[in-house]
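Going by the numbering used here, the sequence shown opens with residue 951, and the numbers climb by one from there.
Data first, discussion second: the structure below is written as C-alpha cells.
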Amino acid sequence: MHGTPRPPATPAQALAAMDHLIAAHLIGQQELARRLGLNVTDLTCFAFVLEAGDELLTAGDLAARAHVTTGAVTGILNRLERAGYVTRRPDPADRRRVRVAAVPDAVARVEAVYAGHYKRLNALFSDYSPEELAIITDWFTRATALAHEYLEKLNRNDPDEEC
C-alpha cells in the first residue's frame, strides 16, 4: 500500500492531530511506567540508558538529556538501581564519575511491555512509502529539536525572551 492517497490537511489540523498523539502517549507512558513499577521520569531516563547502548552514560549525561539537575538524577538513579533497572559502574577514565548500565533482565521486561505497541507502530509505518517515511522522520527529528529548544528557553526563565 505504498503511495496511498492521503486526505488534505491544514497546519491547524496537523497541530491538533499532534496534540492528540502527545496526549495519548503521555497517558500511555504513565500506564506503562505504573506496570513497570516506575514513574514516568524514571522510565524516560531508563530509555535514555537503553538508547545509549554500550556507550554508557554518566549521571551528568543523563541529567542533561532529561533536563534535570544532577541532584535530581541521583535520586532517579537510586530508584532505578533499587528497582533492578540499572547498575552504576566506575568510569575507567575518571574514578570520580560513574557510568550507568541497564540490567539485562530489566531490558527484557521493558521490551516485553512495549512489544505489542511497537509491532502496531511498525505495521502503521509499513503503510507509507519510503519517501513518505523520509518526510515523517524529518518532521519528527525537526519537531524534537524545536521541543528541546523550547525547553531550554523555558529553563532559562528569561522574562525578555519569547517562549
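Where a beta carbon is used, it is the ideal one built from N, C-alpha and C, also for glycine.
Every value quoted in this text rests on a predicted model; they were computed, and no experiment measured them.
Are residue i and residue j closer than 9 Å when you measure CB to CB?
i, j, result
"residue 1051", "residue 1032", "no"
"residue 995", "residue 966", "no"
"residue 1008", "residue 1045", "no"
"residue 1060", "residue 1012", "no"
"residue 1057", "residue 1000", "yes"
"residue 1010", "residue 990", "no"
Could you tell me how far apart the beta carbons of residue i and residue j are, in whole angstroms, since I believe they sit closer than 8 Å?
i, j, result
"residue 979", "residue 993", "7 Å"
"residue 943", "residue 1083", "Here the chain has residues from 951 to 1113 only, and residue 943 is not among them."
How is residue i classed by DSSP in three states: helix, strand or coil?
i, result
"residue 1033", "coil"
"residue 1051", "strand"
"residue 1007", "strand"
"residue 1092", "helix"
"residue 961", "helix"
"residue 1110", "coil"
"residue 1040", "strand"
"residue 1070", "helix"
"residue 985", "helix"
"residue 1045", "strand"
"residue 1015", "helix"
"residue 956", "coil"
"residue 1064", "helix"
"residue 1077", "coil"
Determine the burial state of residue i: buried for a count of at least 16 other Cβ atoms within 10 Å of its Cβ, exposed for fewer.
i, result
"residue 1068", "exposed"
"residue 1035", "buried"
"residue 1049", "buried"
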